[in-house]
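Enquirer:
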Amino acid sequence: MLAEARARAALTQRTIRQTVTLDGVGLHTGAPVQVRLEAAAPGSGIVFVRRDRPGTAPIAAVVDAVSDTRRGVTLGGGEGVTVATVEHLLSAAAGLGIDNLRVDLDGPELPALDGSAAGFVRALEEAGAVEQKVAARVIVLGVTEVAEGRGRAGTRPAEEFRVTYTVDLPAPLGEQSASAGLDAYHEAVAPARTWGFAEEGAALRARGLARGAGLENVLVIGPGGYLTPPRFPDEPARHKILDVIGDLALLGARLRGHVEVAYGGHALHLALAREIVRRWGETRQEMGEG
Ligand SMILES: [Zn+2]
Numbered sequence: 087m088l089a090e091a092r093a094r095a096a097l098t099q100r101t102i103r104q105t106v107t108l109d110g111v112g113l114h115t116g117a118p119v120q121v122r123l124e125a126a127a128p129g130s131g132i133v134f135v136r137r138d139r140p141g142t143a144p145i146a147a148v149v150d151a152v153s154d155t156r157r158g159v160t161l162g163g164g165e166g167v168t169v170a171t172v173e174h175l176l177s178a179a180a181g182l183g184i185d186n187l188r189v190d191l192d193g194p195e196l197p198a199l200d201g202s203a204a205g206f207v208r209a210l211e212e213a214g215a216v217e218q219k220v221a222a223r224v225i226v227l228g229v230t231e232v233a234e235g236r237g238r239a240g241t242r243p244a245e246e247f248r249v250t251y252t253v254d255l256p257a258p259l260g261e262q263s264a265s266a267g268l269d270a271y272h273e274a275v276a277p278a279r280t281w282g283f284a285e286e287g288a289a290l291r292a293r294g295l296a297r298g299a300g301l302e303n304v305l306v307i308g309p310g311g312y313l314t315p316p317r318f319p320d321e322p323a324r325h326k327i328l329d330v331i332g333d334l335a336l337l338g339a340r341l342r343g344h345v346e347v348a349y350g351g352h353a354l355h356l357a358l359a360r361e362i363v364r365r366w367g368e369t370r371q372e373m374g375e376g
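Residues 87 to 376, numbered by the working numbering, are exactly what the sequence shown covers, in order.
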């Protein structure tokens, strides 16, 4: 009965109560950036505004706005204006059930913070949530699968949203799998950091990328395993759960069903998102308690 009441209550759109700001440095640009999170009207979804590029159109966090998935997700508006590395903020919003948000920033990339979604979760919690008395969009997932090379991403029906993710790491770490629902998001998913391989980091820096990355915000994997203590033994698999929740937030809807991914990345997550739109894009509008 409690679970039923919670499920009903969760079907109402939500935004934040008050404006909060966050400061940090972009993972790739290394450039300082300030983000202001503001309330947004029902039905507006999550929208990015580049206040350093006045007069340019807001960029909606939707699947069709994705312009690059190679190192994080970049959204492109018209006029060549982009916003990079949006996935951890989108993940935090989805994890906390925030549907509508205006994200005002003064640079081209969201801050890396500690490499996880924990800082965005803290900011959203500080802002507080407001029920908007308008039905949330809900997509009820059926059975489907997409593949890219060795990667597989699929969905199947389930009462609650859940993600299971398998990653394959070089020895001695090997394959690891993690699974979480939104009830575990705060404790078990949000703190999991971005991870990468030591040699890849050097190559990225040589190309002028990963300028804001360091051992404090990236869990680096070397030939002997983790270079620094992980927050969880399976932190890489948990971070992938964080990422796919953020990428699927581009659907602009709550999801009901089980998402399973193996050996994936942002490109595969977006392929799954497009498949979900193709199959179940006519989303059900469900009324909340009102
Ligand atoms: Zn990530």
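Glycine included, every Cβ here is placed at the ideal spot set by N, Cα and C.
Pick out the complete beta strand (DSSP E) segments inside the segment 145–225, 3 residues or longer, and give them in chain order.
Expert: The qualifying runs are 152–154, 160–162, 187–191, 215–221.
Enquirer: So, do the segment 328–335 and the segment 190–199 have three or more beta carbon pairs nearer to each other than 8 Å?
Expert: Verdict: no, contact absent.
Enquirer: How many whole angstroms separate the CB atoms of V159 and I145, which I take to be in contact at a CB cut-off of 8 Å?
Expert: No, V159 and I145 are not in contact; Cβ-Cβ is about 12 Å, not under 8 Å.
Enquirer: Flag this pair as yes or no: are the beta carbons of V133 and R188 separated by less than 7 Å?
Expert: Contact flag set, yes.
Enquirer: Are the beta-carbon atoms of A296 and L290 separated by less than 7 Å?
Expert: Yes, Cβ-Cβ distance for A296 and L290 is below 7 Å.
Enquirer: Between the segment 268–284 and the segment 231–243, can you find at least three pairs of beta-carbon atoms closer than 8 Å?
Expert: Cβ pair count under 8 Å is below three, so no.
Enquirer: Let me check you understand the geometry: is the CB of D320 closer than 6 Å to at least one non-hydrogen atom of ligand 1?
Expert: Not so, every heavy atom of ligand 1 lies at least 6 Å from the Cβ.
Enquirer: Going by beta-carbon coordinates alone, are L191 and V106 separated by less than 7 Å?
Expert: Not in contact: L191 and V106 (Cβ atoms no closer than 7 Å).
Enquirer: Note down, in chain order, each residue of its chain lying with its Cβ closer than 7 Å to the Cβ of A178, except the 5 sequence neighbours on either side.
Expert: A203, F206, V207, L210, A276.
Enquirer: Should G214 and R340 be called a contact, given that it needs their Cβ atoms to be closer than 7 Å?
Expert: No, Cβ-Cβ distance for G214 and R340 is not below 7 Å.
Enquirer: To test your reading of the DSSP string, which unbroken alpha helix (DSSP H) runs of 4 or more residues are found completely within the segment 278–343?
Expert: Qualifying alpha helix (DSSP H) stretches, in chain order: 284–292, 321–334.
Enquirer: What do you reckon, is the C-beta of T280 under 6 Å from a heavy atom of ligand 1?
Expert: For ligand 1, at least one heavy atom lies less than 6 Å from the Cβ of T280.
Enquirer: Per DSSP, I102 forms a beta bridge with which residues?
Expert: Answer is A215, bridged to I102.
Enquirer: Between the alpha carbons of I307 and L301, how many angstroms are there, rounded?
Expert: Looking at the two C-alpha atoms, the distance is approximately 10 Å.
Enquirer: In the DSSP assignment, what residue or residues form a beta bridge with Q239?
Expert: Checking the sequence, you will find Ala at residue 239 rather than Gln. Per DSSP, V232, V347.
Enquirer: Excluding the five sequence neighbours on either side, which residues of its own chain have a C-beta within less than 6 Å of the C-beta of T314, listed in chain order?
Expert: Excluding residues within five positions, the ones whose Cβ falls inside 6 Å are L301.
Enquirer: For a quick check, are the C-beta atoms of V249 and V345 less than 7 Å apart?
Expert: Against a cut-off of 7 Å, the Cβ pair of V345 and V249 comes out as a contact.
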